[in-house]
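Residue numbers (my numbering): 2 to 85.
Cβ coordinates follow ideal geometry from the N, Cα and C atoms, glycine included.
First up is the structure itself, then whatever we jot down about it.
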């Protein structure tokens, strides 16, 4: 088992495929002061899929970040969980 300091959260974001979608999502992460460890983005038939890996700061912070991401104009959906 990993030490608590190595725990990560993985957020999967589906977004519209617009020129500013990734910047909008990253802005939410920055405003929430989440420690970003990895970002991947890919175009799909449905739009843009963005994978965000952050340090784990607890359930309340993860819920808040997911809620704020979900409220972002370009975002269509958000899912999150533990990163093993």
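Which first and last residues belong to the beta strand (DSSP E) in which residue 11 is found?
As a working mapping, residue 11 is identified with position 10 in the chain shown. First-last of the beta strand (DSSP E) with residue 11: 9 to 16.
To the nearest angstrom, report how far apart residue 51 and residue 32 are at their CA atoms.
Along the chain shown, one-based indexing puts residue 51 at 50. Along the chain shown, one-based indexing puts residue 32 at 31. Cα to Cα, the separation comes out at about 17 Å.
What separation, rounded to the nearest whole angstrom, lies between the Cα atoms of residue 78 and residue 7?
Sequence index remark: in the chain shown, residue 78 carries index 77 (1-based). Sequence index remark: in the chain shown, residue 7 carries index 6 (1-based). About 26 Å.
For a test of the three-state rule: what should DSSP assign to residue 56, helix, strand or coil?
Your numbering for residue 56 matches position 55 in the chain shown. Strand.
May I have the straight-line CA-CA distance separating residue 23 from residue 66, to the nearest angstrom?
Along the chain shown, read from residue 1 onward, the residue named residue 23 stands at position 22. Along the chain shown, read from residue 1 onward, the residue named residue 66 stands at position 65. About 15 Å.
Using DSSP with H/G/I as helix, E/B as strand and the rest coil, what is residue 69?
Here residue 69 is taken as the residue at index 68 of the chain shown, counted from 1. Residue 69 falls in the helix class under three-state DSSP.
For residue 70, count the other beta carbons within 10 Å of its own beta carbon; 16 or more makes it buried, fewer makes it exposed. Which is it?
Your numbering for residue 70 matches position 69 in the chain shown. The residue is buried, with at least 16 neighbouring Cβ atoms inside 10 Å.
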